[in-house]
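Here's the structure we're looking at; comments come further down.
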Amino acid sequence: MLRPREGSTEFVKKNGFKEIETNVVEVREIQAPKGCQPIRWVLYTRETASSFAEAEKVIEYYEKRPIIEEYHKGAKTGLQVERRQYASADRLEPVIGLICIQAVRLLQLRDVSRRAPETPAKQLVPKQWLEVLGKVLKRPRPINTVREFIHALAGLGGFLGRKSDGEPGWMTIWRGLETLIVAIRGYRAGLKKCG
6 MLRPREGSTE FVKKNGFKEI ETNVVEVREI QAPKGCQPIR WVLYTRETAS
56 SFAEAEKVIE YYEKRPIIEE YHKGAKTGLQ VERRQYASAD RLEPVIGLIC
106 IQAVRLLQLR DVSRRAPETP AKQLVPKQWL EVLGKVLKRP RPINTVREFI
156 HALAGLGGFL GRKSDGEPGW MTIWRGLETL IVAIRGYRAG LKKCG
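Using the working numbering, the first residue of the sequence shown is number 6, and each one after it goes up by one.
Next comes the structure, spelled out in structure tokens:
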């Protein structure tokens with residue numbers, strides 16, 4: 006791919022422009038369903054794409070893009086990684102590591118709650134989380150499924166759960182988790198015996 010002749014930024018003018026060799030994979034849907042626009046992707050990649058098998062690999066990577074974007078959205082929006090104010094990268098790095106673990110965990114739970122909503126919560130959610138969440142919400146019955154857990158957790162974060170609300174978003178899930186973590190700390194402190 007050739008470098009553009011015009012429109013260079015000051016940074017490029019000052020520091021030069023390193024050319025990057027890229028390949029292009031074009032995907033076209035041959036027979037789209039009636040009433041649907043056929044898929045057409047033009048994918049730029051640094052991966053080798055000189056055979057059909059290599060092009061398929063590039064397409065597989067691209068198909069994973071939505072889940073990767075959701076992960077980053079969870080880390081940035083829900084877990085607010087960009088709002089953490091530390092004086093140095095050395096201090097911020099471990100915090101980002103912990104946030105990323107939480108983002109993956111919440112993404113997994115949210116994904117299961119949507120794909121397999123009847124999955125028993127006790128298979129994926131720590132027992133103490135379920136107990137404390139039930140007590141905080143004063144639920145008359147236990148949280149049985151992963152979907153119930155995600156909805157209850159988001160409820161702590163402000164999700165109302167009306168029929169018209171759809172599924173909870175990152176902000177309400179994250180706020181609910183923050184509240185749950187504080188409640189769990191209090192619960193654990195209450196279990197400790199004095200002296």
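Heads up, the beta-carbon is just placed ideally off N, CA and C, and yes, glycines get one too. Keep in mind that this is a model prediction, so the values were computed, not measured.
Beta-carbon gap between residue i and residue j smaller than 8 Å
{"i": "Ile189", "j": "Val137", "result": "yes"}
{"i": "Val29", "j": "Trp46", "result": "no"}
{"i": "Ile148", "j": "Gly139", "result": "yes"}
{"i": "Gly162", "j": "Arg180", "result": "yes"}
{"i": "Gln112", "j": "Glu172", "result": "Position check: residue 112 holds Leu in this sequence, whereas Gln was assumed. Taking 8 Å as the Cβ cut-off, Leu112 and Glu172 do not qualify as a contacting pair."}
{"i": "Val86", "j": "Ile64", "result": "no"}
{"i": "Trp175", "j": "Thr82", "result": "yes"}
{"i": "Ala58", "j": "Ala80", "result": "no"}
Simplified DSSP assignment, three categories, for residue i
{"i": "Thr150", "result": "strand"}
{"i": "Tyr67", "result": "helix"}
{"i": "Pro125", "result": "strand"}
{"i": "Glu52", "result": "coil"}
{"i": "Glu24", "result": "coil"}
{"i": "Glu31", "result": "strand"}
{"i": "Arg190", "result": "helix"}
{"i": "Val130", "result": "coil"}
{"i": "Arg45", "result": "strand"}
{"i": "Gly162", "result": "coil"}
{"i": "Cys199", "result": "coil"}
{"i": "Gly79", "result": "helix"}
Close-in-space but distant-in-sequence residues of the same chain around residue i (CB under 7 Å, 5 per side omitted)
{"i": "Gly166", "result": "His156, Gly160"}
{"i": "Thr27", "result": "Met6, Tyr49, Thr50, Arg51"}
{"i": "Leu129", "result": "Leu114, Val117, Val151"}
{"i": "Arg88", "result": "none"}
Nearest-angstrom Cα separation, counted from residue j out to residue i
{"i": "Glu98", "j": "Ala60", "result": "35 Å"}
{"i": "Cys199", "j": "Arg144", "result": "30 Å"}
{"i": "Lys168", "j": "Lys78", "result": "24 Å"}
{"i": "Lys127", "j": "Ala121", "result": "14 Å"}
{"i": "Cys105", "j": "Gln90", "result": "17 Å"}
{"i": "Phe22", "j": "Asp95", "result": "30 Å"}
{"i": "Leu196", "j": "Gln133", "result": "12 Å"}
{"i": "Leu103", "j": "Ala37", "result": "43 Å"}
{"i": "Glu34", "j": "Arg119", "result": "28 Å"}
Residues near residue i in its chain [Cβ-Cβ closer than 6 Å; skip 5 each side]
{"i": "Val202", "result": "Beyond the ends of the chain as shown, which are 6 and 200, falls residue 202; an answer cannot be given."}
{"i": "Tyr67", "result": "Leu48"}
Own chain partners of residue i with C-beta closer than 8 Å, once the 5 adjacent residues on each side are dropped
{"i": "Ile73", "result": "none"}
{"i": "Leu135", "result": "Ala126, Lys127, Pro147, Ile148, Phe154"}
{"i": "Glu141", "result": "Checking the sequence, you will find Val at residue 141 rather than Glu. Counting only Cβ-Cβ distances below 8 Å, and skipping sequence neighbours, we find Leu161, Thr184, Leu185, Ala188."}
{"i": "Gly40", "result": "none"}
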